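Trainee: Each residue of the sequence shown is one higher than the last, beginning at 1 in the UniProt record's numbering.
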Amino acid sequence: MTPLTDPEVLDFIARTDAAYPPEASSAGVAESRAYYDAMCKVFRAPRPEGLTVEDRVIAGVPVRHYDPGHGAADRPFALYLHGGGFVLGGLDSHDDVCAEIAASTGAEVFSADYRLAPEHLYPAQQDDTQAVWRALTTDGRPGVIAGDSAGANLAAGLCIRQRDQDGAMPLAQVLIYPWLGGDEPLASYVENRDAPMLTTADCQMFADLITGGDLSLIRTRADLSPLVARDFTGLPPAVIVTADLDPVRDDGLVYSERLVAAGGSAVLRNEPQLVHGYLRARHISRRAAESFGFICAAIGASVEQGKEKPPSP
């Protein structure tokens, strides 16, 4: 692994470990969630002023709606899916991230509180994501899909489902340090197997939890493991942001290569000296702040382009 020398990132890791010690990932699910929620509170920033925030239920799924108040209700939106290995997190864990995206882009943001494993196994998370997406786009309203880590997996999986089912497609998919469940060994899983914030063993644990131990699903279901898809044509333009010191780094690299090889569009940005989960460091680390600015700009640009397009059929 490349040596980690950035003092701001090292400070972020130390603060994270103080609230969510490495042994927390091997604790029981309830205890891990308590650790994770407490850790998220340590880094939570106040929401920007001017937002209207409302908790709703859409298609049976709890959703938090962030409205910056900059336009008609039918303007393009962003649906954000939180990370947490399909096991951790919820509306509160990424509340400030979603609020800042809404304030930065001027777009309405919806955050989906999809069901978590192991209480709810695959495909519950994918089903919840698709149900919310379908409800938001039922009248032809265009939108962007975005997420981090497991949420980025759900975003990419939604694009594949919608393509295969001739459904309304996102204007773009914005994937932040995505886990995409490849069917082949990738170098980053070896190089960064003991990385801070997320290890290769952690990835294997989360895969086991969402599948109930049936790891054949990781090798065969493209909406769970987008890298096992046989067809990468007809998918939305992708903006993929990876952390260099992260076992899942090369998932984003390979996904971008396959999209481009299939005639699609993908922008890949790999962030040196950053680690998995660095969105929470955006008010601590200049590198993380610059990356988050790029992510917001990518979402905002896709929303602006969507204003010029006719609604999806």
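Cβ coordinates follow ideal geometry from the N, Cα and C atoms, glycine included. Predicted model, so just to flag it, every value in this text is computed and none were measured.
Entirely within the stretch 22-95 and at least 3 residues each: give me those beta strand (DSSP E) ranges in chain order.
Mentor: With a minimum length of 3 residues, the continuous beta strand (DSSP E) runs that stay inside the stretch 22-95 are 52-58, 61-67 and 77-81.
Trainee: Secondary structure at V303, three-state DSSP: helix, strand or coil?
Mentor: Helix.
Trainee: Specify the secondary structure class of T242 as computed by DSSP and reduced to three states.
Mentor: The answer is strand: DSSP assigns T242 an E or B state.
Trainee: Following the continuous beta strand (DSSP E) through P237, name the residue where it begins and the one where it ends.
Mentor: That residue, P237, is in no beta strand (DSSP E); it is neither H nor E in DSSP.
Trainee: Whose C-alpha, out of E54, R75 and I218, is nearest the C-alpha of H65?
Mentor: If we check each option's Cα against that of H65, E54 comes out closest.
Trainee: Just verifying my parser: in three-state terms, what is the DSSP assignment at L274?
Mentor: Correct three-state label for L274: strand.
Trainee: Do you know offhand how far A262's Cα is from R230's?
Mentor: Their Cα atoms are separated by approximately 11 Å.
Trainee: Just to confirm, are S93 and C40 a CB contact at a threshold of 8 Å?
Mentor: Yes.
Trainee: Report yes or no: do the stretch 244-264 and the stretch 185-192 share at least 3 C-beta pairs separated by less than 8 Å?
Mentor: Contact between the stretch 244-264 and the stretch 185-192 is present, because at least three Cβ pairs lie under 8 Å.
Trainee: What separation, rounded to the nearest whole angstrom, lies between the Cα atoms of T105 and G300?
Mentor: Cα to Cα, the separation comes out at about 5 Å.
Trainee: Going by DSSP, what residues sit across from I145 in a beta bridge?
Mentor: L79 and Q173.
Trainee: Counting pairs of Cβ atoms below 8 Å between the stretch 284-293 and the stretch 252-259, do you hit three or more?
Mentor: Segments in contact, no.
Trainee: Where does residue 324 land, buried or exposed, given buried means 16+ other C-beta within 10 angstroms?
Mentor: As shown, the chain starts at 1 and ends at 313. That puts residue 324 outside it, with no answer to give.
Trainee: Relative to the C-alpha of L116, which residue among Q126, E108 and A45 is closest?
Mentor: Answer by Cα proximity: Q126.
Trainee: With 16 as the cutoff for other CB atoms within 10 Å, does R280 come out buried or exposed?
Mentor: Classification for R280: buried.
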